[in-house]
Amino acid sequence: MAPMKPVIVFVPGAFSRPSDFDLVSGPLREVGYEVHVVHHPSSPDVLVDPTPSLYDDADNIRRLAEALADEGKDIVIVMHSYGGLPGTQACEGLSKTDRLRASKPGGIVRLLYVAAAIAPVGSSMAGVLQTDMPLPSIETAHGKPSLWTSISLAVGGLIPLSWSARLFSPSSLAASVEGLWAYHRNPDVFTEWLLADIPREDALKYASVSSPVAQSVKSIMTPLTYAGYNHIPCSYMFTKLDRVNPPAAQRSFIGLVEKESRSKVDVYEYAVGHCPQLSRPLWEVECVRRVVGEGV
Numbered sequence: 001m002a003p004m005k006p007v008i009v010f011v012p013g014a015f016s017r018p019s020d021f022d023l024v025s026g027p028l029r030e031v032g033y034e035v036h037v038v039h040h041p042s043s044p045d046v047l048v049d050p051t052p053s054l055y056d057d058a059d060n061i062r063r064l065a066e067a068l069a070d071e072g073k074d075i076v077i078v079m080h081s082y083g084g085l086p087g088t089q090a091c092e093g094l095s096k097t098d099r100l101r102a103s104k105p106g107g108i109v110r111l112l113y114v115a116a117a118i119a120p121v122g123s124s125m126a127g128v129l130q131t132d133m134p135l136p137s138i139e140t141a142h143g144k145p146s147l148w149t150s151i152s153l154a155v156g157g158l159i160p161l162s163w164s165a166r167l168f169s170p171s172s173l174a175a176s177v178e179g180l181w182a183y184h185r186n187p188d189v190f191t192e193w194l195l196a197d198i199p200r201e202d203a204l205k206y207a208s209v210s211s212p213v214a215q216s217v218k219s220i221m222t223p224l225t226y227a228g229y230n231h232i233p234c235s236y237m238f239t240k241l242d243r244v245n246p247p248a249a250q251r252s253f254i255g256l257v258e259k260e261s262r263s264k265v266d267v268y269e270y271a272v273g274h275c276p277q278l279s280r281p282l283w284e285v286e287c288v289r290r291v292v293g294e295g296v
């Protein structure tokens with residue numbers, strides 16, 4: 001009897017909808033996987049008050065993973081971009097090993113980071129981006145801002161104006177009662193950064209400029225309090241053509257995990273940009289299947 005396949009839980013990045021993962025979840029279901037894609041509270045369909053933080057995203061992931069584990073299922077968490085932080089945060093007490101110790105069934109058996117940011121405990125997405133590493137920039141109507149620029153942590157959990165002015169155009173920010181919401185309204189973000197590995201006309205199909213996805217800035221400022229990578233085996237889909245998290249950044253993330261966990265990260269390299277779930281979905285499907293041990 002063949003062993004039961006693990007459940008695959010996709011954790012999207014910022015500014016993302018679950019439908020962004022249709023091209024990977026469908027093929028995985030066709031070969032027998034149960035697949036779930038979480039919808040971050042920090043990227044809601046309707047703006048909410050108070051503004052959700054990374055902890056709200058992590059709690060949302062945790063509720064799903066815990067329910068699946070209680071059904072006796074093994075779980076692989078697949079995290080994209082920003083999703084690497086709430087996915088890492090959500091794992092406390094949910095590893096297969098921890099649940100066995102507690103005489104509970106199921107649990108998380110592996111973490112797969114896909115072009116994902118990874119932070120140490122005490123740091124946030126903003127902290128991850130606080131780097132002197134030179135990154136390219138793109139031409140916009142408001143000058144030439146770097147996509148990821150140097151960031152200083154702000155008092156009170158609000159995004160510093162020095163960052164907001166450079167990372168987003170003035171028209172790309174909207175204030176809510178309890179915080180700030182950010183949007184991708186410039187199609188160049190998609191064609192020159194997120195989907196730079198496919199033709200511009202194809203990338204524009206995914207540019208939700210007319211109905212942009214809101215992202216809570218508070219989620220980017222929330223510090224990590226738990227590092228799941230210290231307790232669960234890790235893999236990394238290394239996106240060699242990535243302009244958002246360039247190879248140098250990805251190597252630093254992998255190095256952080258290996259240093260902190262004292263365990264080797266299994267790395268799978270692909271000549272793909274930042275969003276393989278859209279530009280090369282079957283390559284991401286292949287990577288997931290390789291990570292869980294299928295000979296594909």
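Quick note, in UniProt numbering, the sequence shown goes up one by one and the last residue is 296. For glycine and all other residues, C-beta sits at the position ideal for the given N, C-alpha and C.
query, result
"CA-CA distance, Lys-96 and Gly-83?", "21 Å"
"Assess contact between the region 90-107 and the region 200-208, defined as three or more Cβ pairs (one per stretch) separated by less than 8 Å. Is contact present?", "no"
"Please classify Ala-65 as buried or exposed, where buried requires at least 16 other C-beta atoms within 10 Å of its C-beta.", "buried"
"Helix, strand or coil for Tyr-33? Go by DSSP, reduced to three states.", "coil"
"Under a Cβ-count criterion, where at least 16 other Cβ atoms within 10 Å of its own Cβ denotes burial, should Leu-195 be classed as buried or exposed?", "buried"
"I'd like to confirm the pairing. Which residues does DSSP put opposite Gln-215 in its beta bridges?", "Ala-182"
"If we ignore side chains and look at the alpha-carbon of each, how far apart do Tyr-33 and Trp-193 end up?", "31 Å"
"Distance check for His-184 and Pro-44, CA to CA, integer angstroms please.", "14 Å"
"Under the three-state reduction of DSSP, which class applies to Glu-71: helix, strand or coil?", "coil"
"How would you label Pro-233, buried or exposed, when you count the other beta carbons within 10 angstroms and need 16 or more for buried?", "buried"
"Looking at the secondary structure, which residues open and close the beta strand (DSSP E) in which Phe-253 lies?", "It is not in any beta strand (DSSP E) - Phe-253 instead sits in the alpha helix (DSSP H) that spans 247-261."
"Assuming Val-114 and Ile-8 make a contact with CB atoms under 8 Å, what is their CB distance in whole Å?", "Not really, about 12 Å apart at Cβ, beyond 8 Å."
"Considering only the beta carbon of each residue, do Gly-87 and Arg-99 sit closer than 7 Å?", "no"
"Using 10 angstroms around the beta-carbon of Ala-271, count the other beta-carbons present and answer buried if the total reaches 16, otherwise exposed.", "exposed"
"Span of the alpha helix (DSSP H) holding Arg-99?", "96-101"
"Any idea what DSSP makes of Arg-110, helix, strand or coil?", "strand"
"First and last residue of the alpha helix (DSSP H) that includes Glu-192?", "Run containing Glu-192: none; DSSP gives neither H nor E here."
"Classify Thr-239 as helix, strand or coil using the three-state DSSP reduction.", "strand"
"Going straight from the alpha carbon of Pro-187 to that of Leu-278, what length do you get?", "15 Å"
"Buried or exposed: where does Leu-54 fall if 16 or more other Cβ atoms within 10 Å of its Cβ makes it buried?", "buried"
"Pick helix, strand or coil for Met-221, following the three-state DSSP scheme.", "helix"
"Who pairs with Met-79 in a beta bridge, going by DSSP?", "Val-11, Tyr-113"
"Specify the secondary structure class of Val-48 as computed by DSSP and reduced to three states.", "coil"
"In this structure, what does DSSP give as the bridge partners for Glu-269?", "Phe-238"
"Where Gly-93 and Ala-227 are concerned, what is the direct C-alpha to C-alpha distance, given to the nearest angstrom?", "11 Å"
"For Gly-13, I'd like the list of residues in its chain whose CB is within less than 7 Å of its CB, leaving aside the five on either flank, ordered along the chain.", "His-80, Ser-81, Tyr-82, Gly-83"
"For chain D, is any of its Cβ atoms less than 7 Å away from the one on Ala-58?", "Here chain D cannot be found, since the structure has a single protein chain."
"Do you know whose CA, among Val-35, Pro-41, Val-48, lies nearest Asp-74's CA?", "Val-35"
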